[in-house]
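Notes follow once the structure below has been shown.
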Amino acid sequence: RLLGREDSHNFVYDFLESWLNLRELGSMPPDFETFPEYYASNLQPEMKQETQLFFRHVLDNNLPARDLLSANYSFLNRDLAKLYGVETQTPFSEAAEFQRVQFTDKNRGGLLGQASVLTVSANGIETSPVIRGVWVLERILGTPTPPPPDDVPAIDPDIRGAKTVKVQLEKHRSSAACNECHRKIDPLGFAMECFDPIGRTRSAYDMRGKRKVDTAGVLPSGESFSNLAELKKILVRHEEFFVRTLVTHLLTHALGRHIEPEDRFAIDKIMLSAEDDGYRLQDLVAAVITSDLFARQ
1 RLLGREDSHN
11 FVYDFLESWL
21 NLRELGSMPP
31 DFETFPEYYA
41 SNLQPEMKQE
51 TQLFFRHVLD
61 NNLPARDLLS
71 ANYSFLNRDL
81 AKLYGVETQT
91 PFSEAAEFQR
101 VQFTDKNRGG
111 LLGQASVLTV
121 SANGIETSPV
131 IRGVWVLERI
141 LGTPTPPPPD
151 DVPAIDPDIR
161 GAKTVKVQLE
171 KHRSSAACNE
181 CHRKIDPLGF
191 AMECFDPIGR
201 TRSAYDMRGK
211 RKVDTAGVLP
221 SGESFSNLAE
231 LKKILVRHEE
241 FFVRTLVTHL
251 LTHALGRHIE
261 PEDRFAIDKI
271 MLSAEDDGYR
281 LQDLVAAVIT
291 SDLFARQ
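Heads up: the sequence shown begins at 1 in our numbering, then just goes up one per residue.
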């Protein structure tokens, strides 16, 4: 093996902290009164552990990188199973024990359905389709978003008011200066609105169910979806965008620096080496750390 057990453990932890921005988990903690279970069960470290175990499983078994998006399972303990509403599905001999759990909810599987990602991409009080959409663009699709124009006031979505989040964000898209970015950001973020700020499933924003969650969207490519599960299928269908982003983050982590334009040739070579076998994760990691770019650092 290219990585010993301890090195592998450190790699998984450090890489996920950087790539998925999990180091920021807890920087805007959920509201104590609204989400008491987050604190009663000390969910933050458990959320991270789920993602670490999931990534390690895909890595150790050399599964296709696309499984990070499309897998219909994860690794949960009793607290997380309760948070996800699947506690009756699998018996846990000990509360702290993590074990593999299959999901029947197709929205839940993969990184985009994990509480660590859903919490770090929320603001602690409510979700923001913009924040989550930007997270997907940057972390999954490798498309950084420029800052908003100085002359356009920010719209702070208020889901408690009469207007829906979508109606408010349509104001942004009505401006030519904002439309170019928001037509990419908003559909991705709205697909994840089926989960609340700590990753619980929801179908409405209010307890009475009057303000329904609308997860449907259309991508700039013209491809449409009605929910997160369908969006994930689209992302997997164009997996080369995700794989290139993943390889870019792997190289950034390995080199300890930002990727330069001339590095794209090394990225192309790494991707080409793993393409025929379906971009398997361990193969991609091996290609990164045996690349000429890494050897020359």
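A virtual CB, placed ideally from N, CA and C, is assigned to each residue, including glycine.
Under three-state DSSP, which class holds residue i?
i: ALA162; result: Caution is warranted here: a pLDDT of 37 is assigned to ALA162, below 50, making its placement in the model unreliable, and the coordinate value is therefore given only provisionally. Looking at ALA162 - three-state DSSP - the assignment turns out to be coil, as it is neither helix nor strand.
i: THR299; result: Given a span of 1 to 297 for the chain in the structure shown, any question on residue 299 remains unanswerable.
i: LYS212; result: strand
i: SER74; result: strand
i: GLN49; result: helix
i: PRO91; result: coil
i: PRO144; result: coil
i: VAL285; result: helix
i: LEU56; result: For clarity, residue 56 is Arg in the given sequence; the question names Leu instead. Helix at ARG56.
i: PRO157; result: Only weak support is given to the placement of PRO157: the predicted model assigns it a pLDDT of 47, under 50, and the value that follows is read from those uncertain coordinates. Three-state result, PRO157: coil.
i: ARG280; result: strand
i: GLY217; result: strand
i: PHE11; result: helix
i: SER224; result: strand
i: PRO64; result: strand
i: PHE195; result: strand
i: VAL189; result: The question names Val, but residue 189 in the sequence shown is Gly. GLY189 falls in the helix class under three-state DSSP.
i: GLN44; result: helix
i: PRO30; result: coil
i: LEU299; result: Nothing about residue 299 can be read from this structure; the chain reaches only from 1 to 297.
i: VAL86; result: coil
i: ASP79; result: helix
i: ALA295; result: helix
i: ASN107; result: coil
i: HIS182; result: helix
i: ALA96; result: coil
i: GLU126; result: coil
i: LEU25; result: coil
With distances taken Cα to Cα, identify the nearest neighbour of residue i among the options.
i: LEU111; options: LEU16, SER221, HIS249; result: LEU16
i: ARG211; options: GLY113, THR145, ASP186, ARG202; result: ARG202
i: ASN10; options: GLY85, ILE198, HIS253, ASN72; result: HIS253
i: TYR205; options: ILE125, VAL136, VAL58, ARG23; result: ILE125
i: GLU230; options: ASN107, GLY199, ASN61, GLN114; result: ASN107
i: GLU24; options: ASP14, PHE32, GLU33; result: ASP14
i: LYS233; options: PHE55, GLY109, THR127; result: GLY109
i: ILE140; options: GLY209, PHE242, GLN49, ARG132; result: PHE242
i: VAL285; options: ASP263, PRO144, THR248; result: THR248
i: GLU46; options: LEU22, THR34, HIS57, VAL58; result: LEU22
i: ASP283; options: PRO36, PHE32, VAL58, PHE54; result: VAL58
i: THR143; options: LEU246, ASP31, SER41; result: LEU246
i: ARG56; options: SER70, ASN42, SER74, SER41; result: SER74
i: ARG132; options: GLU240, ASP196, THR88; result: ASP196
i: GLU223; options: GLU138, ARG183, THR34, ILE259; result: ARG183
i: ASN179; options: PHE32, PRO220, PHE225; result: PRO220
Looking at the secondary structure, which residues open and close the alpha helix (DSSP H) in which residue i lies?
i: PHE242; result: 239–255
i: VAL130; result: 129–139
i: MET271; result: 264–275
i: SER116; result: 115–120
i: GLU37; result: 36–40
Along the beta strand (DSSP E) that carries residue i, what are the first and last residues, could you check?
i: SER291; result: First-last for SER291: undefined, no H or E at that position.
i: VAL101; result: 99–102
Could you tell me whether the Cβ atoms of residue i and residue j are closer together than 9 Å?
i: VAL213; j: CYS194; result: yes
i: GLN44; j: THR119; result: yes
i: LEU188; j: GLY113; result: no
i: ARG200; j: TYR84; result: yes
i: ALA274; j: SER291; result: no
i: ASN77; j: PHE92; result: yes
i: ALA81; j: VAL101; result: yes
i: THR127; j: MET192; result: yes
i: ILE185; j: PRO129; result: yes
i: ALA122; j: ILE198; result: yes
i: THR90; j: GLN99; result: yes
i: PHE54; j: LEU68; result: yes
i: GLY259; j: ALA287; result: It should be pointed out that residue 259 corresponds to Ile in this sequence rather than to Gly. Not a contact, by the Cβ cut-off of 9 Å.
i: PHE103; j: VAL117; result: no
Does chain B have any CB closer than 9 Å to the CB of residue i?
i: ASN77; result: The structure shown contains no chain B, having only a single protein chain.
Regarding residue i and the ligand MN, is the C-beta to nearest heavy atom distance less than 8 Å?
i: PRO91; result: Questions concerning the ligand MN fall outside what the structure shown contains, since it holds no ligand whatsoever.
So, does the segment 239–253 touch the segment 17–28, judging by three or more C-beta pairs under 8 Å? Taking a cut-off of 8 Å for Cβ pairs, the segment 239–253 and the segment 17–28 touch, as three or more such pairs fall below it.
The segment 273–282 in contact with the segment 50–68 per 3-pair CB rule at 8 Å: Contact between the segment 273–282 and the segment 50–68 is established, with three or more Cβ pairs separated by less than 8 Å.
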